Amino acid sequence: MAIYLGFDLSTQSLTAIAIDVERSRRRVLFERSLVFDDELPHYGTRHGVLPQDDPLVATSSPSMWAEALDRMMAVIAREGGFDLRSVRAISGSAQQHGSVYIKGTAPAAFTTLDPARPLVGQVSGMLSRPDAPIWMDASTAAECAAITRAVGGAEALARLTGSRAFERFTGSQIKKFAERDPTGYARTDRIHLVSSFAASLLAGRHAPIEPGDGSGMNLMDIAHRRWAPAALAATAPDLLRRLPALAFSWTVVGPLARYWTERYGFPAARVVAWSGDNPCSLIGTGIVREGRIAISLGTSDTLFGLLHEPRVDPSGTGHLFGAPTGDYMSLVCCRNGSLARERVRDAHGMDWVGFSRCFETTGPGNGGAIMLPWFEPEITPTVLQAGVRRYGLDPADGPANVRAVVEAQMLALILHSRWMGVDVDTIHATGGAARNRAILQVMADVHDADVYQLEVGNSACLGAALRAYHADRVADGLPTDWDDVVAGFAEPVAATRIRPVPAHVAVYARLARVYEACEAHALGRGGDPVEVIAAFRARA
Ligand code: ADP
Ligand code: XUL
429 MAIYLGFDLS TQSLTAIAID VERSRRRVLF ERSLVFDDEL PHYGTRHGVL PQDDPLVATS
489 SPSMWAEALD RMMAVIAREG GFDLRSVRAI SGSAQQHGSV YIKGTAPAAF TTLDPARPLV
549 GQVSGMLSRP DAPIWMDAST AAECAAITRA VGGAEALARL TGSRAFERFT GSQIKKFAER
609 DPTGYARTDR IHLVSSFAAS LLAGRHAPIE PGDGSGMNLM DIAHRRWAPA ALAATAPDLL
669 RRLPALAFSW TVVGPLARYW TERYGFPAAR VVAWSGDNPC SLIGTGIVRE GRIAISLGTS
729 DTLFGLLHEP RVDPSGTGHL FGAPTGDYMS LVCCRNGSLA RERVRDAHGM DWVGFSRCFE
789 TTGPGNGGAI MLPWFEPEIT PTVLQAGVRR YGLDPADGPA NVRAVVEAQM LALILHSRWM
849 GVDVDTIHAT GGAARNRAIL QVMADVHDAD VYQLEVGNSA CLGAALRAYH ADRVADGLPT
909 DWDDVVAGFA EPVAATRIRP VPAHVAVYAR LARVYEACEA HALGRGGDPV EVIAAFRARA
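Using this note's numbering, the first residue of the sequence shown is number 429, and each one after it goes up by one.
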């Protein structure tokens with residue numbers, strides 16, 4: 429039997445999946461999540477984020493991630509329910525963009541991790557900065573502007589790296605650190621992404637960065653998948669020697685370190701380069717061909733698809749990333765995803781059942797009531813000053829606010845993904861909120877597409893396990909087609925199909941114009957939408 433392990437080190441939790449890839453019985457053998465706030469309360473995180481005074485700043489703790497990994501490996505060894513000796517390869521997925529700063533003493537510390545002592549105490553000493561800026565950080569507008577100027581403008585940077593400068597992308601975060609804490613930067617020998625940091629812990633040596641995750645840094649030449657000297661020079665001094673190498677998604681970093689084999693009895697399985705959660709989700713939702721998209725409703729809401737040829741968003745909102753297949757992926761990311769839905773749910777004292785019922789007592793289009801759910805600074809569209817905006821929506825009306833938050837989220841995704849030019853007829857839905865069929869019905873109606881749930885809900889984690897399988901085959905000289913890799917795992921479940929309702933589709937085609945007018949108004953780019961709303965209502 430050959431077993432592959434996948435991890436997902438996400439914003440709020442660490443998940444592990446073990447899969448059996450034998451053709452006749454492909455299945456998930458084990459799946460477990462460890463929620464940081466609940467199970468590692470001594471770090472004091474809220475939704476996986478350390479408390480901050482400045483609402484634009486968001487950091488988390490690399491020590492917490494290491495402790496979580498250590499605990500999860502112990503759980504797998506103890507409760508996995510399968511023969512550990514069958515584990516052939518391990519890979520992972522991690523929240524994108526976050527960065528971990530490591531001292532020069534780390535290579536030796538990685539190789540000499542002592543199996544007799546917990547990992548966390550040994551890792552804390554490796555860090556040249558105790559916290560890690562993460563994807564929710566929006567504090568680097570000045571650094572983004574400076575990087576953009578230095579590389580010759582937003583379009584030039586987008587053509588080079590796949591995206592214009594974004595506050596959460598690693599480059600501007602590195603620049604901020606290098607300028608505000610030059611001593612800390614001088615102490616830093618290596619800057620890892622969350623993904624390559626975790627892979628380094630497993631392999632006991634510095635792991636490379638996988639280009640899918642590397643394209644979330646504003647530092648990588650996306651066409652050639654190598655570091656872009658102009659972007660590096662615009663970011664921080666002496667950066668090249670601090671960055672890990674870039675290596676294909678199927679790179680074997682090395683065997684599992686002695687720490688894990690001796691402490692928990694794992695075999696010296698192949699550790700495969702980790703990638704970002706969105707690139708891993710692409711594989712875990714089975715989007716290995718052009719023409720289909722997936723929508724992930726996790727902490728962030730993301731919409732993504734696979735592209736054979738690069739295409740950059742002319743409006744500068746969307747991203748072009750590398751795909752683990754060696755192709756490209758297009759992506760839009762909205763920060764106010766699950767946590768915004770939770771804010772509305774909690775404000776009206778509901779649970780998810782009550783939240784879902786609100787769609788039965790309100791109608792599609794919500795009578796033209798619009799919410800711009802910017803509870804936190806938003807990524808798509810760019811909103812640095814958080815604040816919920818409501819148009820024709822009574823803040824006290826629970827059901828209307830529930831419908832409004834979901835409709836706005838779906839309309840923002842469709843509006844800001846038009847540049848992808850994909851004619852969508854099928855959507856694979858994933859992420860924690862994809863179990864909510866009321867939300868998926870709005871998704872189907874807004875996109876006029878069939879929506880499917882997937883057998884394995886955590887597609888990022890599944891994608892990581894499938895990437896481990898793919899890499900293991902490549903390493904054995906038996907490369908396997910991606911269609912075969914995902915078959916039987918990342919397929920939509922026919923019985924879960926949610927069809928668009930034609931009458932609702934027509935309403936949303938009109939509501940999209942209302943939403944667009946409200947968004948433009950809120951961003952100071954358009955007039956008062958009162959007439960557009962009135963025209964919508966008059967036809968409703
Ligand atoms: P991430 O991987 O980004 O940490 P997940 O994909 O695990 O996040 O999604 C977690 C979120 O799923 C929670 O924050 C919660 O809001 C949401 N969620 C869980 N169950 C439901 C439900 N029944 N309806 C809507 N949202 C849900
Ligand atoms: C994508 C993004 C988020 C994070 C966390 O660009 O910022 O989706 O990867 O999930």
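Think of the CB as a built atom: it goes at the ideal place given N, C-alpha and C, for glycine as much as any other residue.
Here the structure is a predicted model, which means the values were calculated and not measured.
So, helix, strand or coil for residue i, using DSSP?
i: residue 459; result: strand
i: residue 845; result: coil
i: residue 623; result: helix
i: residue 642; result: helix
i: residue 500; result: helix
i: residue 802; result: coil
i: residue 898; result: helix
i: residue 913; result: helix
i: residue 778; result: coil
i: residue 949; result: helix
i: residue 554; result: coil
i: residue 876; result: coil
i: residue 649; result: strand
i: residue 429; result: coil
i: residue 715; result: coil
i: residue 758; result: strand
i: residue 443; result: strand
i: residue 771; result: helix
i: residue 921; result: coil
i: residue 807; result: coil
i: residue 546; result: coil
i: residue 588; result: helix
i: residue 494; result: helix
By alpha-carbon positions, which one of the options ends up nearest to residue i?
i: residue 514; options: 693, 620, 567 and 788; result: 693
i: residue 800; options: 723, 645 and 762; result: 762
i: residue 625; options: 896, 531, 572 and 458; result: 531
i: residue 702; options: 653, 630 and 689; result: 630
i: residue 546; options: 581, 497 and 865; result: 497
i: residue 656; options: 719, 587 and 610; result: 587
i: residue 747; options: 728, 924 and 593; result: 593
i: residue 863; options: 725, 680 and 645; result: 725
i: residue 646; options: 524, 549 and 894; result: 524
i: residue 456; options: 716, 432 and 529; result: 432
i: residue 785; options: 867, 520 and 919; result: 867
i: residue 517; options: 729, 590, 893 and 583; result: 893
i: residue 811; options: 780, 850, 673 and 764; result: 764
i: residue 541; options: 760, 691 and 930; result: 691
i: residue 684; options: 671, 700 and 675; result: 700
i: residue 851; options: 842, 823, 680 and 534; result: 842
i: residue 617; options: 508, 759, 573 and 527; result: 527
i: residue 649; options: 686, 589 and 755; result: 589
i: residue 713; options: 571, 638, 458 and 917; result: 917
i: residue 817; options: 720, 952 and 776; result: 952
Give me, in chain order, the residues of the same chain whose beta-carbon lies closer than 8 Å to that of residue i; leave out the 5 immediate sequence neighbours on both sides.
i: residue 938; result: 793, 964 and 967
i: residue 477; result: 439, 486, 487, 488, 562 and 564
i: residue 836; result: 798, 799, 800, 801 and 943
i: residue 878; result: 853, 854, 855, 872, 925, 926, 927 and 928
i: residue 921; result: 880, 881, 882 and 883
i: residue 585; result: 575, 576, 579, 591, 592, 593, 646 and 659
Which residues bound the beta strand (DSSP E) around residue i?
i: residue 520; result: 515–522
i: residue 529; result: 527–531
With a threshold of 6 Å on Cβ separation, who are the neighbours of residue i within its own chain once the five nearest residues in sequence on each side are excluded?
i: residue 969; result: Shown here, the chain extends from 429 to 968; a query on residue 969 therefore has no answer.
i: residue 940; result: 839
Just to confirm my understanding: we take residue i, look at its own chain, exclude 5 residues before and 5 after, and list those with CB closer than 7 Å. What are they?
i: residue 932; result: 792 and 873
i: residue 742; result: 847
i: residue 668; result: 655 and 660
i: residue 833; result: 768, 769, 772, 799 and 801
i: residue 468; result: 492, 495 and 496
i: residue 957; result: 819, 942, 945, 946 and 949
i: residue 601; result: 527, 561, 565 and 568
i: residue 615; result: 531 and 556
Are any of the Cβ atoms in chain D nearer than 8 Å to that of residue i?
i: residue 736; result: Of the protein chains in this structure there is only one, and it is not chain D.
In terms of residue numbering, what span does the alpha helix (DSSP H) encompassing residue i cover?
i: residue 466; result: 464–467
i: residue 569; result: 569–579
i: residue 656; result: No alpha helix (DSSP H) contains residue 656, which DSSP labels as neither H nor E.
i: residue 610; result: 610–615
i: residue 958; result: 958–967
i: residue 819; result: Unbroken run through residue 819 is the beta strand (DSSP E), 817–819; no alpha helix (DSSP H).
At a cut-off of 7 Å, would you count residue i as near the ligand MG, judging by its Cβ distance to the nearest heavy atom?
i: residue 623; result: You won't find the ligand MG in this model; what it holds is the ligand ADP and the ligand XUL.
Check your understanding: Which residues are close to the ligand XUL, meaning CB closer than 7 Å to any heavy atom, in chain order?
Key -> 438, 439, 523, 524, 525, 563, 596, 644, 704, 705, 706, 726, 727, 728, 730, 747, 759, 761 and 807
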